[in-house]
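**Q** Going by this note's numbering, the first residue of the sequence shown is number 1431, and it counts up by one from there.
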Amino acid sequence: MESLKFPLIEFLRKKIYFGSFDYVPKDNNEQVFLTIDDTLPYNNFHHDFGPLSVAHLYRFAVILHEVLGKPNNQNKELVFYSYTDPRSRANALSLLASYMILIQSWQPHQVLAPIAQIAPVMPFRDAGYSVADFTITIQDIVYALWRAKQTNLIELKTFDLEEYEHYEMVEHGDLNAIGDKFVAFASPVAMQESNNFVLEYFKKHNVRLVVRLNSPLYDKSIFEEADIKHVDLIFEDGSCPSMTFVKGFIGLTECIAREGGKIAVHCRAGLGRTGCLIGAHLIYSFGFTASEAIAYMRFLRPGMVVGPQQHWLYQHQNEFREWRLTMEVGSKPDPSLAGYSPLIDIDPSSLTSSNFVPPRTPERNILTPRRPSSVNSCLPQPTPGQPRKTPSPSRVHDVISAQTVRSDYASNSDDDRGSISDGISDDVSADSAAIVVSTSRKSQQCNSHVSKQRSVSAKLFSHRPGGRQNRTDSSDTSNLFVVPQRRNITDLSNLPQKKSLVKQLRVASNPSPRRRNRLEEVKDVTASIVDQTDVESPVKNMEKYSHVQV
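#1: Measuring CB atoms only, is the region 1549-1569 touching the region 1578-1591, in the sense that at least three cross pairs come out at less than 8 Å?
#2: Between which two residues does the beta strand (DSSP E) carrying Gly1702 extend?
#3: Go through its chain and collect everything with a Cβ distance to Phe1463's Cβ below 7 Å, but skip five positions before and after it.
#4: Which word fits Ala1620, buried or exposed, when buried means at least 16 other C-beta atoms lie within 10 angstroms of its C-beta?
#5: State the CB to CB distance for the pair Ile1693 and Leu1639, rounded to an integer number of angstroms; the pair is presumed to be in contact (CB under 8 Å).
#6: With DSSP collapsed to three states, give me the class of Met1757.
#7: With distances taken from CA atoms, which of Ile1466, Lys1444 and Glu1460 is nearest Ser1450?
#8: Per DSSP, what are the beta-bridge partners of Gln1461 in this structure?
#9: Can you name the residues that DSSP bridges to Phe1554?
#10: Going straight from the alpha carbon of Arg1894 to that of Glu1951, what length do you get?
#11: State the Cα-Cα distance for the pair Leu1605 and Val1628, rounded to the nearest angstrom.
#12: On a CA-only basis, which of Met1757, Gln1461 and Asp1468 is nearest Lys1677? Give me that one, please.
#13: Please state whether the Cβ-Cβ distance between Gly1668 and Gly1702 is less than 8 Å.
#14: Check each candidate in Asn1502, Phe1479, Phe1675 and Gly1480 and name the one with the smallest Cα separation from Asn1459.
#15: To the nearest angstrom, how far is the alpha carbon of Trp1742 from that of Gly1733?
#16: Roughly how many whole angstroms lie between the Cα atoms of Ala1687 and Ile1658?
#17: Could you say which of Ala1485, Tyr1597 and Val1637 lies nearest to Ala1656 if we only look at CA atoms?
#18: Which residue from Gly1681, Glu1689, Arg1731 and Ala1725 puts its Cα closest to that of His1711?
#19: Helix, strand or coil for Ala1520 per DSSP?
#20: State yes or no: is the C-beta of Tyr1488 within less than 8 Å of the C-beta of Gly1480?
#21: For Gly1717, collect the residues of the same chain with a Cβ closer than 7 Å to its Cβ; drop the 5 residues on either side in sequence, then sort them by chain order.
#22: Can the beta-carbon of Asn1532 be found less than 8 Å from the beta-carbon of Lys1500?
#23: Can you round the beta-carbon distance between Glu1440 and Pro1544 to whole angstroms, since I take them to be within the 8 Å contact cut?
#24: Is the CB-CB distance between Cys1685 and Leu1643 below 8 Å?
#25: Quick one, which of Val1541, Glu1496, Ser1766 and Ser1721 has its alpha-carbon nearest Asp1556's?
#26: Please list, in chain order, all residues of the same chain as Phe1653 whose beta carbon is under 6 Å from its beta carbon, the five residues on each side excluded.
#27: Kindly indicate which three-state DSSP category Arg1751 falls into: helix, strand or coil?
#28: Which full runs of the alpha helix (DSSP H) of 4+ residues lie inside the region 1592-1675, going along the chain?
#29: Ignore the nearest five residues each way along the sequence and tell me which others in Thr1514's own chain have a CB closer than 8 Å to its CB.
#30: With DSSP run on the structure shown, which of helix, strand or coil describes Ala1491?
#31: I need the straight-line Cα distance from Gly1691 to Leu1583, nearest angstrom please.
#32: State buried or exposed for Thr1674, treating a residue as buried only when at least 16 other CB atoms are found within 10 Å of its CB.
#33: Can you name, in chain order, every residue of its own chain whose Cβ lies under 6 Å from the Cβ of Ala1607, other than the five neighbours on each side?
#34: Assign His1596 to one of two classes, buried (16 or more other C-beta atoms within 10 Å of its C-beta) or exposed (fewer than that).
#35: Which one or two residues does DSSP pair with Tyr1770 in a beta bridge?
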């Protein structure tokens, strides 16, 4: 777009662009500028700076649609921008990418294509205070939200912004819903008013079980009296759970989900240990990668999964995914799990042909129909396709091998074969004409093809004294025209003289003086060759070269 004077990247042509400026740009007749750096800041815990949450996205979408809907901005491009510092750029781009995935229903590659045009974006770290040794990128966020949308784990149409912002406050319970099965919250404390808000939320959203991961700070009877079961799976703060705890937690979750209820999980802050177990179940149930699970949880509850727990999820993600195929919820109740059962190994003897059918590979859908969107159906310009090994039309050439010519020659009569001299006209460009071959590297190495820039005279007269030696190996077909050995020189009719090939070597009938001189050189060489044979040559149509003594 010629009117834009800033380094911008295009998301929607003539509609939405992104840029970073070290100053505050002013609206003009063609562009309107929007930023959220000062209006929607991230509330960090320690050294973390993002990504922005679902509440930020909801407010951003409302502001964006209001700006685009103003009558004065109908024909203007909207430039969403950030400051030039790395953290502001990362948060702004992650927010715009989330908007395109969840609201505009773009595919991940469509969102990432514009972002790939600019300098690398700073990755996001955990909410700890130590050195960041594990990060998530915008790509992780994009695929996390895309997978969550595909599995119905997030839906902005039913998202309640007021409820979200009310209950995430510490004085109102410090809790957030994670998907349709979990509620993550900070540990309640005895005699605290926020406990009433927690119980109110649990009753409203059908929470059936509370899992405590930290040392007791309250009496569990406050939940049991409200007909909410309580289970302790306590392990040390900042550490990772054992596989026994993980199997028990996933078994609990599956049992409660069958009853149509939810599970509330908490540790001291409801971030680290809570994120470990919920993340393990996301990987187990929906096939998230570790980075996607972390990105998805932080989008709904900022700060989840801290320090070594990130590596723990990454190291065991394949194991959790395999459990979906190798384990099942047991049938024996466990008293330590409030009467529910953990995951147990599937009995191999139970896998028979009657109850186990290998999954069928779905047929490939070549033409994917466009997914309808009730919000907006606008999409970016198509991204470039995959590279093709098939050469373009300018690279396609005819390839003629000696074997092909010989087989064609054998099928023709003597009258159709013609002579060598038929291929030499008054224009000497035939002398320098090369048999054009394929540009493939393999074809250049193949002995059955003729090297580029090999002239006709070099092929016909390669046995002259002091020049190239005769090729005596009958299996070597690297030359299109193979000169017979001396004992067969009288039988020049064996030379391939297919007329279709001769036609390819014909040239214009009005040669230049320089070409005429080159023709005379060819005639002299031809005469010397014939003199050396000391035999009568059966070459036809030599009358045009009457000065050559045969």
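Note that beta-carbon positions come from the ideal geometry of N, C-alpha and C, so glycine has one too.
Source: prediction; values computed, not measured.
**A** A quick look at the data gives this:
#1: no
#2: Along the sequence shown, one-based indexing puts residue 1702 at 272. First-last for Gly1702: Gly1702 to Phe1716, but that is the alpha helix (DSSP H), not the beta strand (DSSP E).
#3: Locating residue 1463 in the sequence shown gives position 33, where the first residue counts as 1. For Phe1463, where only same-chain residues beyond five positions count, the Cβ hits under 7 Å are Pro1455, Asp1457, Val1509 and Tyr1511.
#4: The residue you call residue 1620 lines up with position 190 of the sequence shown. Flag for Ala1620 reads exposed.
#5: As a first step, residue 1693 must be located in the sequence shown, where it is residue number 263. As a first step, residue 1639 must be located in the sequence shown, where it is residue number 209. Rounded, the Cβ-Cβ distance is 5 Å, consistent with contact.
#6: Taking the first residue of the sequence shown as position 1, residue 1757 is located at position 327. Strand.
#7: Along the sequence shown, one-based indexing puts residue 1450 at 20. Ser1450 has its Cα closest to that of Ile1466, out of Ile1466, Lys1444 and Glu1460.
#8: In the sequence shown, the residue the question calls residue 1461 occupies position 31. In DSSP, Gln1461 forms a bridge with Glu1507.
#9: Working through the sequence shown from its first residue, we reach residue 1554 at position 124. Note: Phe1554 sits in a beta bridge opposite Ile1566.
#10: Taking the first residue of the sequence shown as 1, we reach residue 1894 at position 464. Taking the first residue of the sequence shown as 1, we reach residue 1951 at position 521. With a pLDDT of only 45 at Arg1894, under the threshold of 50, the placement of this residue in the model should not be trusted; the figure read from the coordinates follows. About 14 Å.
#11: On the sequence shown, residue 1605 is found 175 positions in, with the first residue counted as 1. On the sequence shown, residue 1628 is found 198 positions in, with the first residue counted as 1. Approximately 8 Å between the Cα atoms of the pair.
#12: Here residue 1677 refers to the residue found at position 247 when the sequence shown is read from its first residue. When each option's Cα is compared against that of Lys1677, the closest is Met1757.
#13: Here residue 1668 is taken as the residue at index 238 of the sequence shown, counted from 1. Here residue 1702 is taken as the residue at index 272 of the sequence shown, counted from 1. Closer than 8 Å, so yes.
#14: The residue labelled residue 1459 in the question sits at position 29 within the sequence shown. Answer by Cα proximity: Asn1502.
#15: Looking up residue 1742 in the sequence shown gives position 312. Looking up residue 1733 in the sequence shown gives position 303. Cα-Cα distance, rounded: 16 Å.
#16: As a first step, residue 1687 must be located in the sequence shown, where it is residue number 257. As a first step, residue 1658 must be located in the sequence shown, where it is residue number 228. Distance between the alpha carbons of Ala1687 and Ile1658 is about 15 Å.
#17: Start at 1 with the first residue of the sequence shown, and residue 1656 comes out as number 226. When each option's Cα is compared against that of Ala1656, the closest is Val1637.
#18: Within the sequence shown, residue 1711 is the residue found at index 281, counting from 1. It is Gly1681.
#19: Position 90 of the sequence shown, counting from 1, holds the residue named residue 1520. DSSP places Ala1520 in helix when its eight states are reduced to three.
#20: In the sequence shown, the residue the question calls residue 1488 occupies position 58. In the sequence shown, the residue the question calls residue 1480 occupies position 50. No, they are not a contact pair.
#21: Position 287 of the sequence shown holds residue 1717. Closer than 7 Å at Cβ, skipping near neighbours: Arg1751.
#22: Within the sequence shown, residue 1532 is the residue found at index 102, counting from 1. Within the sequence shown, residue 1500 is the residue found at index 70, counting from 1. Just to set this straight, residue 1532 is Leu in the shown sequence, not Asn. In this structure, Lys1500 does not lie closer than 8 Å to Leu1532 by Cβ.
#23: Taking the first residue of the sequence shown as position 1, residue 1440 is located at position 10. Taking the first residue of the sequence shown as position 1, residue 1544 is located at position 114. Between Pro1544 and Glu1440 the Cβ distance is about 6 Å, and since that is below 8 Å, they are a contact.
#24: As a first step, residue 1685 is located in the sequence shown; it is residue number 255 there, counting from the start. As a first step, residue 1643 is located in the sequence shown; it is residue number 213 there, counting from the start. No, the Cβ-Cβ distance between Cys1685 and Leu1643 is not below 8 Å.
#25: As a position in the sequence shown, residue 1556 is number 126, starting the count at 1. Among Val1541, Glu1496, Ser1766 and Ser1721, the Cα nearest to that of Asp1556 is on Ser1721.
#26: By one-based count along the sequence shown, residue 1653 stands at place 223. Excluding positions up to five away in sequence, the list reads Val1640 and His1660.
#27: For the purposes of this step, residue 1751 is taken as the residue at position 321 of the sequence shown. Helix.
#28: 1624-1634 and 1651-1654
#29: Position 84 of the sequence shown holds residue 1514. Once the five neighbours on either side are set aside, the close Cβ partners of Thr1514 are Ser1450, Phe1451 and Asp1452.
#30: By 1-based counting over the sequence shown, the position of residue 1491 is 61. Residue state, collapsed to three classes: helix.
#31: Looking up residue 1691 in the sequence shown gives position 261. Looking up residue 1583 in the sequence shown gives position 153. Spanning the two alpha carbons is a distance of roughly 15 Å.
#32: The residue you call residue 1674 lines up with position 244 of the sequence shown. It counts as exposed.
#33: The residue given as residue 1607 occupies position 177 in the sequence shown. For Ala1607, where only same-chain residues beyond five positions count, the Cβ hits under 6 Å are Val1613.
#34: Counting from 1 along the sequence shown, the entry for residue 1596 is found at position 166. Counting Cβ neighbours within 10 Å, His1596 comes out exposed, since fewer than 16 surround it.
#35: Looking up residue 1770 in the sequence shown gives position 340. Paired residue(s): Asp1764.
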